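Undergrad: Numbering (the numbering used here), first residue to last: 34 to 542. A single structure is presented below for examination.
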C-alpha cells in the first residue's frame, strides 16, 4: 500500500498507476494554472541524434553549428562553454572552473575531467584563513579568488577529442562578444538595485579581445603569458594571494568518475573533488532503506522520508568529506551534447556565487571566481583550506545507462542543492516513471544544513505548505535549479530544458 495522505504538493498532478496504465485523477485539482505553465514552457523535442542543450539559446545554437561542421560532442561542449561565458557571464566563464563527464562510444569508457579552481600555494595546511590577513574575506572579494581552471580545461578537452580546430570553437563566442547583448531579467534580478545603472545593451569588447588572444595563443597566454601577468599584478595590488607560480603549476586532472547501480540503471557522475555522485548514491540507497517507493510522491509521508534522507546525506558529508560551507547555493550552468558517433558530454561550469568574487580583471572582461568560499572554516575539516587543493564541490554532471546503453545525460546548477535536486528528478523519472519534462518541472525542496531549514519552491498547495510549516523551519524560494537534459531511446533523442530558465535544446536532423 502507498502512503494514504492526500495532500498534493504538485501543480502538475502525478499519475497513479492502475494495471500498468498511467491514470491522471479527475480531481487532481490544485494549481492547475501552474501545471499548465510548467507543462507549456517545458521544451521537449523528439528527433535523431546528434543534439545539444544548454542554459541559453545562443549557446545552444553555437553548439549545433559545431555539430553541423562535423565536430565532436567535446567540441560542441567547449564551444557552448565559451559562448555561455559571454551570454551568461554571471554564472560561468574564463575566470572560473568546472567538471566534464565524457563518454567515448568506441571505447565504451567514461572520462571525468576536473578543471576546478585551486587554492593558492601560500595557503599551506597549517595556515588558517585568519592568519593570512586580519580582515580577509574568503566569501567574496580578492581573498576569495581561486586559481581559475576554465581556459586550460577547455583547451585540454578540445585537444583530447577535437574534430574541428581551436579557432572554430572560439570564433562564435568572439562574434557574440563583439555584438554585445541585451540585459535579461535574470541578470537584473541578480544585480538588484544595481541593475538600474545597466545600459540596455552590454558591451563585451574587452572580452572579445581576450578571446582573440586565447584563440591565437591558447591557454599559455593566461597561465604564463600577458593575461597571467595582468591577473597576478591586479590581485597583488588588491591584496590577493595568487602568484605566477600558481598559474604556471595549475593542472587539469583526468579523474575517476563516481559510479553506482540503481535497479536496472547505471548512474555515472562526478567523483572527487565533488560530492555530487556520492550524494545521489546515498540518497538512492536511503530511498530503498526507507521504502520511499511505498509512498506516493504527492504525500506528506513521502516528503517526511525525503527530508530524513537529506539529513542522512549531510551527516555523512560533514563527517567523511568535510563540513558544509556557508555558501549553500552557487550559480553555475550546465550543458550536454551528443555527436554522430554517440559520444556524450555532460558539463557543469561555475564562478561559484553570481558574478563570482565581484571582481573583473581590468580591460579583459574576465569575471573572477570566489571558489575559496567553498572551503571549510574548520581547521580539522577534510575540506579545510590548503594550498594547491580544490574545495569540495556538489556539481554533478551525470550520465545514466540502461542495459549498457546511453539512456540519459543531465545536470543542474545550485551548489549544495544539486545532489538533492538531481535525486528528485531521477527518482520521479526512473522509479515513478513520470516523463522527464514533468519530473524536471515538478516543484523541488532542499534541506539547508547550515540553517536547518527546509527550503520549498514556490507553488506548493496551501494544505501542503501548512504541513511543512507545522513540522519544519521553512523558507520559500522562487526556483531551485535549472536542469538541462538529453534522453536517448533507440535512434531518437529527447531534449528537455527546465521551465525555470531560458535554456534551449537543439537536434541536428
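For every residue, glycine included, the Cβ atom is placed at its ideal position computed from N, Cα and C. Just so it is clear, the structure is predicted and the values come from calculations on it, not from any experiment.
Using a Cβ-Cβ cutoff of less than 6 Å, which residues in the same chain neighbour residue 433 once the five nearest sequence positions on both sides are dropped?
TA: Counting only Cβ-Cβ distances below 6 Å, and skipping sequence neighbours, we find 298, 300, 440, 441.
Undergrad: CB-CB under 7 Å to residue 451, same chain, minus the five flanking residues each way: which ones, in chain order?
TA: Taken in chain order, the residues that qualify are 309, 427, 428, 429, 445.
Undergrad: In this structure, how does DSSP classify residue 115 when only helix, strand and coil are distinguished?
TA: DSSP places residue 115 in helix when its eight states are reduced to three.
Undergrad: How would you label residue 314, buried or exposed, when you count the other beta carbons within 10 angstroms and need 16 or more for buried?
TA: That one is buried.
Undergrad: In this structure, does DSSP put residue 525 in helix, strand or coil?
TA: Residue 525: strand per DSSP, three-state reduction.
Undergrad: Residue 533: which of 268, 471, 525, 348 sits nearest, CA to CA?
TA: For the residues 268, 471, 525, 348, the minimum Cα distance to residue 533 belongs to 471.
Undergrad: Thinking just about the alpha-carbon of each residue, which of 347, 276, 135, 492 is nearest to the one in residue 181?
TA: Of 347, 276, 135, 492, the residue nearest in Cα terms is 276.
Undergrad: Applying the 10 Å Cβ sphere with the 16-neighbour rule, what's the burial state of residue 321?
TA: So residue 321 counts as exposed.
Undergrad: Compute the Euclidean distance between the alpha carbons of residue 457 and residue 149, then round it to the nearest angstrom.
TA: Approximately 26 Å between the Cα atoms of the pair.
Undergrad: Suppose you measure from the CA of residue 538 to the CA of residue 84; what does that come to, to the nearest Å?
TA: Between residue 538 and residue 84, the C-alpha separation is close to 7 Å.
Undergrad: Between the beta-carbon of residue 241 and the beta-carbon of residue 207, is there less than 7 Å?
TA: Yes.
Undergrad: Go through its chain and collect everything with a Cβ distance to residue 179's Cβ below 7 Å, but skip five positions before and after it.
TA: Answer for residue 179: 150, 151, 152, 402, 404, 405, listed in chain order.
Undergrad: Bridge partners for residue 487 per DSSP, in chain order?
TA: DSSP, once it has assigned bridges, lists 480, 507 as partnering residue 487.
Undergrad: Can you tell me whether residue 491 is buried or exposed, with buried defined as 16 or more other CB within 10 angstroms of its CB?
TA: Classification for residue 491: exposed.
Undergrad: Does the distance from the C-beta atom of residue 455 to that of residue 462 stay below 7 Å?
TA: Their beta carbons are not under 7 Å apart, which means residue 455 does not touch residue 462 by this criterion.
Undergrad: Beta-carbon separation of residue 418 and residue 431 under 7 Å?
TA: Not closer than 7 Å, so no.
Undergrad: Can you tell me where the alpha helix (DSSP H) holding residue 344 begins and where it ends?
TA: Per DSSP, residue 344 belongs to the alpha helix (DSSP H) from 333-349.
Undergrad: Tell me whether residue 290 is buried or exposed, calling it buried when 16 or more other Cβ atoms sit within 10 Å of its Cβ.
TA: Result: buried.
Undergrad: How would you write the range of the beta strand (DSSP E) that residue 377 sits in, first residue to last?
TA: Taken as a continuous stretch (DSSP letters only), the beta strand (DSSP E) holding residue 377 covers 377-383.
Undergrad: Mind checking residue 200: buried by the 16 CB within 10 Å criterion, or exposed?
TA: By the neighbour-count rule (16 or more Cβ atoms within 10 Å), residue 200 is not buried but exposed.
Undergrad: Comparing C-alpha positions only, which one of 336, 134, 311, 174 sits nearest to residue 500?
TA: Of the candidates 336, 134, 311, 174, the one whose C-alpha sits nearest the C-alpha of residue 500 is 336.
Undergrad: With DSSP as the reference, label residue 373 as helix, strand or coil.
TA: Looking at residue 373 - three-state DSSP - the assignment turns out to be coil, as it is neither helix nor strand.
Undergrad: Can you tell which of 146, 171, 244, 96 has the C-alpha that lies nearest to the C-alpha of residue 396?
TA: Checking every option, the nearest Cα to that of residue 396 belongs to 244.
Undergrad: Would you mind sorting residue 191 into buried or exposed? The rule is 16 or more other CB atoms within 10 Å of its CB.
TA: Looking at its Cβ environment, which holds 16 or more other Cβ atoms inside 10 Å, residue 191 is buried.
Undergrad: Assign residue 509 to one of two classes, buried (16 or more other C-beta atoms within 10 Å of its C-beta) or exposed (fewer than that).
TA: Classification of residue 509: exposed, given that the 10 Å Cβ count is below 16.
Undergrad: Quick check on this structure: which residue in 502, 504, 515 has the alpha carbon closest to the alpha carbon of residue 453?
TA: Of 502, 504, 515, the residue nearest in Cα terms is 515.
Undergrad: Does the contact criterion of 3 or more C-beta pairs under 8 Å hold for the segment 131-146 versus the segment 373-381?
TA: Output reads yes: the segment 373-381 touches the segment 131-146.
Undergrad: Could you check the C-alpha separation between residue 412 and residue 157 for me, to the nearest Å?
TA: Cα to Cα, the separation comes out at about 11 Å.
Undergrad: Considering only residues of the segment 231-298, which uninterrupted beta strand (DSSP E) runs meet the minimum length of 3 residues and lie entirely inside it, listed in chain order?
TA: DSSP runs (the beta strand (DSSP E)) wholly in the segment 231-298: 286-288, 291-295.
Undergrad: Can you tell which of 91, 138, 123, 97 has the C-alpha that lies nearest to the C-alpha of residue 437?
TA: Taking only the C-alpha atoms, the option nearest residue 437 is 138.
Undergrad: Locate the alpha helix (DSSP H) running through residue 434, then write down its first and last residues.
TA: Unbroken run through residue 434 is the beta strand (DSSP E), 431-435; no alpha helix (DSSP H).
Undergrad: With DSSP collapsed to three states, give me the class of residue 444.
TA: In the structure shown, residue 444 sits in a strand (DSSP, three-state: E or B).
Undergrad: CB of residue 481 to nearest heavy atom of the ligand GDP: below 6 Å?
TA: As for the ligand GDP, it is missing from this structure, which has no ligand bound.
Undergrad: Short check: CB of residue 425 to CB of residue 306, under 7 Å?
TA: Closer than 7 Å, so yes.
Undergrad: What would DSSP say about residue 320, mapped onto helix, strand or coil?
TA: Looking at residue 320 - three-state DSSP - the assignment turns out to be helix.
Undergrad: On the DSSP letters alone, give me the boundaries of the beta strand (DSSP E) that residue 204 sits inside.
TA: Here residue 204 belongs to no beta strand (DSSP E); instead the alpha helix (DSSP H) covers 199-212.
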